[in-house]
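The structure under discussion appears below in the form of structure tokens.
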Amino acid sequence: MPAPSLPATFTRRRRAPGLGESVLRPDAPPKVRGEFAFSSDLYVDGMVWGKTLRSPHPHARILGIDITDALRMPGVHAVVTQDDLWGSRTYGLERHDQPVFADTVVRFHGEPIAAVAADHPELAARACAAIKVEYEVLEPLVDAEAAITAPPIHPDGNVFRHIRLRHGDPDATGDVVVEGTYEVGMQDQAFLGPESGLAVPSEDGGIELFVATQWLHVDRDQIAACLNLPREKVRLSLAGTGGAFGGREDVSMQIHACLLALVTRRPVKMVYSREESFFGHVHRHPAKLWFRHHARRDGTLVNVESRMVFDGGAYTSSSTAVIANATCFAAGPYQVPNAKVDGYAVRTNNPPCGAMRGFGAVQTSFAAEAQMDKLAAALGMDPVELRLINALKTHDQLLTGQVITGVAPVEECIRACRELPLPPAADPGADLMTLPGGAGRTALSHNVRRGVGFAVGFKNLAFSEGFDDYSSARVRLELGADGEPVATVHVATAEVGQGFVTLAQQIARAELGVGSVVLHPADTQVGSAGSTSASRQTMISGGAVQMACAGVREVVLERAALDLHLAPADMVLGDGELTTKDGERSVPLADALRAGPVEAYREFHHAPTDPLDENGQGNAHWSLAFAAHRAVVDVDEELGLVRVVQVATAQDIGKALNPLAVTGQVEGGIAQGLGLAVMEEIVVVDGRIRNPSFTDYLLPTPLDMPPVVQTWIEQPERGAPYGAKGVGEPPTISSTGAIVAAIRAATGRPLDRIPVRPDDIALPTPTTAAP
Amino acid sequence: MSASDPDRGSAVSDALHDPTTSDSRGAQGYPGTDGARDLPLETYVLSVNGRELPVDDAWVGESLLYVLRERLGQPGSKNACEQGECGSCSVLMDGAVVASCCVLAADAVGSAITTVEGLTGEGELSDVQRAFIDQGAVQCGFCIPGMIVALTDLLDRSPAASELEMREAISGNLCRCTGYGRIFAAFRQVQQERAHARA
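Residue numbers (our numbering), protein chains in the order written: chain V, 2 to 772; chain B, 7 to 205.
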């Protein structure tokens with residue numbers, strides 16, 4: 002089914018729409034009125050402000066910390082450092098290797114040293130300034146390649162994970178061989194709502210934390226360990242979350258705020274500044290990737306060899322899973338009978354890296370797609386045809402040996418994307434604002450060249466490698482005060498902007514035939530929903546809500562059937578009514594609920610997966626999603642400036658449960674892909690972040706975003722609720738590669754590094770040594 | 007260790023996240039350890055959304071954004087960059103869009119300030135707000151109050167603004183979720199509705 006074509010203006014609907022329709026967000030009215038409470042908006046009487054002191058050095062030994070002056074300041078309530086911890090001193094998503102406060106050694110620029118609670122945020126900042134820290138500055142280890150063999154900078158060593166993937170005959174050779182080395186810069190999630198929250202000590206000695214996060218329960222477990230509290234005494238509630246994109250999967254201010262609250266016995270609010278946000282969360286891994294592709298003369302891929310090094314920075318975070326994705330999906334969505342891939346994720350004194358939208362698949366997609374274009378050129382083939390010849394499909398094997406059992410419409414995505422309309426030719430009389438460089442008005446239209454590029458990407462949906470990935474939902478159906486049935490859905494699913502709040506209501510309405518669905522606030526008083534990441538919540542939490550609704554439905558059907566002396570199987574639950582299958586008799590749902598509320602609690606677990614074996618082989622992934630992107634760019638070669646004119650995409654989505662929401666995910670994901678292609682990079686020099694601000698870290702603005710033309714391939718995925726696939730990440734995976742391919746087409750430059758900078762286009766190509 | 011030894015850091019530079027950037031507050035050191043006594047206070051009145059609101063004993067260094075959010079119970083304006091780059095804190099000051107993070111609150115005395123909370127009456131939605139909802143322009147929503155203030159201002163000042171003019175008008179409003187496509191659609195909806203109403 003084609004997506005609503007751009008510039009679609011959606012017609013307002015009058016009736017209550019259901020699944021598959023563009024239901025509007027329940028949280029949108031408070032958000033447009035400024036009434037929605039984000040995590041930085043929280044306020045409670047008696048609260049004090051928390052603030053972190055961070056290291057100015059990427060690598061140093063702490064010789065002493067003197068907090069005397071800071072503590073003496075009137076209005077300062079507490080200063081905590083590594084000396085004040087009473088629970089676990091470290092935390093982490095996969096390994097607990099990250100100190101709550103730098104513990105004797107500082108391993109990255111901006112690592113927390115101390116936290117302060119004070120009456121006013123300015124006072125907290127001054128108290129931080131009054132803490133005296135004596136450092137012995139050490140040489141930072143900043144070269145990821147060198148880190149593999151360098152002396153360890155952490156007791157756990159420098160290699161987070163090395164995956165040695167060997168598939169088929171790893172030494173197989175082809176008639177045509179192309180080789181390349183590629184580099185990806187460090188991208189920031191740059192969610193707009195800064196890390197923030199409010200920690201409130203509770204009377205039982207525990208703590209309540211209202212926080213913006215992606216996964217309440219995994220935060221809770223790390224916090225509880227560091228506070229040495231039983232989990233049930235650590236209660237988290239989701240506060241309004243201003244975006245996430247992977248950057249809130251790791252703990253940031255959570256433990257510090259809770260420590261301060263317990264020490265001061267006061268509510269503590271912490272809000273990062275934008276600058277601190279750049280230091281306070283993990284980023285997308287920078288990576289260096291070498292590839293050698295072998296193909297037959299007809300274009301069939303024979304072997305893909307690769308060696309890639311991902312710089313994970315100082316602590317593990319989710320590096321071990323990121324490198325698994327990068328390795329497993331290294332060759333892109335193509336049939337490759339033989340492969341030899343070595344993926345390394347390593348520790349350095351650079352900023353820690355972890356999850357960001359696309360999670361490992363972004364870096365390899367950029368490199369592998371550049372290789373496909375290189376191969377097409379060597380073969381004298383059309384690059385899109387080369388992709389079609391090799392496109393993966395159901396029953397094919399991944400590089401891991403896993404046979405794809407779900408839908409894999411790669412060919413359909415490529416064909417549909419290719420057919421989408423191209424933009425009109427450049428208009429020589431166009432407003433100078435629309436030329437490369439935009440508001441600078443520096444480009445000349447006769448210097449501008451247009452290029453078109455194509456790329457295809459894929460990744461896994463939900464968690465892989467044997468992880469028991471699940472979500473929990475409690476659904477209660479009862480009579481409301483007005484005597485009408487009302488359903489309450491309680492899930493811990495973090496709404497970070499993706500729209501699960503809308504979908505949960507759609508599912509409950511569809512499954513229970515009720516108009517009124519209330520969402521209980523997301524908190525840890527219900528089972529885990531897992532992370533809002535890996536494009537997984539529509540499938541996993543959607544599945545949990547569907548199952549819990551079905552559990553409720555069974556009970557009301559039993560009640561109605563008992564009334565009519567029938568079997569439950571003879572009845573169906575329709576719109577507010579329980580009806581016999583022949584339609585002859587019915588019982589109002591409200592009547593069935595008079596006997597009392599009905600409640601059900603269910604967990605949805607996706608089908609089990611296996612770990613990778615010593616050759617990187619195994620059925621490690623559950624479901625996959627694919628997308629093709631085509632980009633059109635205008636480039637002023639003299640100035641090195643790029644304007645993206647249009648991005649077209651065809652995406653494999655299973656089934657659109659809310660077309661408006663899918664449209665927004667695709668457009669938003671492509672914006673982030675565009676950012677990585679041409680502007681976004683955290684510049685790290687000698688371990689130091691040089692551009693921790695929105696002045697110097699550039700995000701796509703309304704003037705940078707081109708029209709997005711999208712179409713969807715809807716082939717329902719078996720085993721997924723309603724056949725829907727997650728849609729959040731594929732737009733970000735290959736949009737970057739398509740844009741860079743278009744710049745290459747316009748300029749003839751190799752452009753093996755992203756983001757592409759003006760220098761890379763305008764200055765002579767440096768001669769690079771062979772790897 | 008002394009403040010003049012940049013390679014080793016110091017009590018002063020330790021507080022700055024990036025010692026390579028100059029921070030005018032920190033360069034000569036903070037005023038010492040007297041804490042609250044070093045925060046000069048001021049009492050004044052701000053005119054916000056048509057109401058005169060007293061601000062008592064506030065540190066003079068507080069931005070308009072901070073005072074609105076933390077002292078006057080108007081957290082609709084958002085704090086995403088606090089240096090005037092993202093537009094999330096946009097408010098109208100005497101009818102002009104400003105980044106309230108870059109205005110000292112004490113400097114706003116005597117100006118009429120309109121925040122997102124003041125664009126409509128309680129429980130009401132303006133056509134711009136309605137269009138954002140209808141067109142799916144809201145995801146996380148953090149940029150939305152500033153975006154609504156900026157687009158409301160543009161559509162009032164320049165009802166027939168072209169798409170390019172609209173993009174330029176909100177080019178100081180960053181959105182990280184939507185890629186702007188649905189926001190542009192909301193703009194078109196309002197223009198069409200208003201054109202229809204005039205016809």
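Each residue gets a CB set at the ideal place from its N, CA and C atoms; glycine is no exception.
V:H284 at chain D interface by Cβ criterion, 8 Å: Annotation note: the requested chain D is absent from the structure, which comprises protein chains V and B.
Cβ of V:A662 within 8 Å of any chain B Cβ: Interface residue, yes.
Interface partners of V:S542 on chain B, CB under 8 Å: Correct list: empty, because the minimum Cβ distance to chain B is about 17 Å.
Burial state of B:E76, where buried means 16 or more other Cβ atoms lie within 10 Å: Burial call: buried.
Short Cβ contact (8 Å threshold) for V:G454 with V:A739: For V:G454 and V:A739, yes; Cβs fall inside 8 Å.
Spatial distance of B:G152 from V:L642 (CA atoms): Each residue's alpha carbon lies about 29 Å from the other.
CA-to-CA distance, V:I68 to V:Q83, given in whole angstroms: Those two C-alpha atoms are separated by around 12 Å.
Whole-number beta carbon distance between V:Q215 and V:A245, since they are thought to touch under 8 Å: Between the beta-carbon of V:A245 and that of V:Q215 there is about 5 Å, and that keeps the pair under the 8 Å contact cut.
At least three beta-carbon pairs within less than 8 Å, the segment 212-228 of chain V to the segment 508-516 of chain V: Segments in contact, no.
Helix, strand or coil at V:F37 [DSSP, three-state]: Look at V:F37 here: in three-state DSSP terms it is coil, with no helix or strand label.
Within chain B, partners of V:R26 - CB distance below 9 Å: I139, G142, V144, Q145, G147, listed in chain order.
V:A240 to V:V492 span [Cα, whole Å]: Rounded to the nearest angstrom, the two C-alpha atoms are 14 Å apart.
CB of V:Y335 within 8 Å of CB of V:L290, strictly: Not closer than 8 Å, so no.
Amino acids of chain V, ordered along the chain, whose beta-carbon sits closer than 7 Å to that of B:C92: The answer, in chain order, is L193, F695.
Interface residues of the segment 85-112 of chain B facing chain V [CB-CB below 7 Å]: With the criterion set as a beta carbon lying under 7 Å from some beta carbon of chain V, the members of the segment 85-112 of chain B are N85, A86, C87, E88, Q89, E91, C92, S94, in sequence order.
N-terminal and C-terminal residue of the alpha helix (DSSP H) that V:A427 is part of: V:A427 -> no alpha helix (DSSP H), and no H or E assigned at all.
9 Å Cβ cut-off: residues of chain V touching B:P165: Within 9 Å Cβ-Cβ: nothing; B:P165 doesn't reach chain V, min ~17 Å.
V:R285 (DSSP reduced to helix, strand or coil): Three-state DSSP puts V:R285 in coil, outside helix and strand.
Chain V residues whose Cβ lies nearer than 7 Å to that of B:I150: Per Cβ cutoff of 7 Å: K32, V33.
Minimum length 4: unbroken alpha helix (DSSP H) runs contained in the segment 201-289 of chain V: The qualifying runs are 217-228, 255-265, 275-281.
Bridge partner(s) assigned by DSSP for V:Q647: V:Q647 pairs with V:V633.
Rounded separation between B:S164 and B:C149 - CA only: Within the model, the alpha-carbon separation for B:S164 versus B:C149 is close to 22 Å.
Closer than 8 Å to chain B by CB, V:D687: No, V:D687 does not count as interfacial toward chain B.
Where V:G452 falls: helix, strand or coil (DSSP): Of the three classes helix, strand and coil, the one that applies to V:G452 here is strand, per DSSP.
Exposed unless 16 or more other CB atoms sit within 10 angstroms - verdict on V:K582: Label assigned to V:K582: exposed.
CA-to-CA distance, V:T321 to B:D159, given in whole angstroms: Rounded to whole angstroms, the separation of the alpha carbons of V:T321 and B:D159 is 48 Å.
Simplified DSSP assignment, three categories, for V:L113: Correcting the residue type first, residue 113 of chain V is Pro in the shown sequence and not Leu. Note: V:P113 maps to strand in three-state DSSP.
Spatial distance of B:G124 from B:D100 (CA atoms): Between B:G124 and B:D100, the alpha-carbon positions lie close to 13 Å from each other.
beta-carbon V:T182 near the ligand FMN non-hydrogen atom, thresh 7 Å: Of ligands this structure carries none, so the ligand FMN is not represented either.
Pairwise C-alpha distance: V:I508 and V:C550: Rounded to whole angstroms, V:C550 to V:I508 spans 8 Å at the Cα level.
Where B:Q135 meets chain V, residues with beta-carbon distance less than 7 Å: At a beta-carbon threshold of 7 Å, the residues of chain V lying near B:Q135 are V33, R34, ordered along the chain.
Nearest-angstrom beta carbon gap, V:V143 and V:P287 [assumed within contact, 8 Å]: The Cβ separation is near 11 Å, so there is no contact.
C-alpha gap between V:E123 and V:V323, whole angstroms: Here the C-alpha atom of V:E123 lies approximately 38 Å from the C-alpha atom of V:V323.
Within chain V, the residues that B:P81 reaches when beta carbons sit closer than 7 Å: Those within 7 Å of B:P81 in chain V are D42.
Under the three-state DSSP convention, the category V:T321 falls into: Helix, per DSSP.
N-terminal and C-terminal residue of the beta strand (DSSP E) that B:Q80 is part of: Here B:Q80 belongs to no beta strand (DSSP E), and DSSP marks it neither H nor E.
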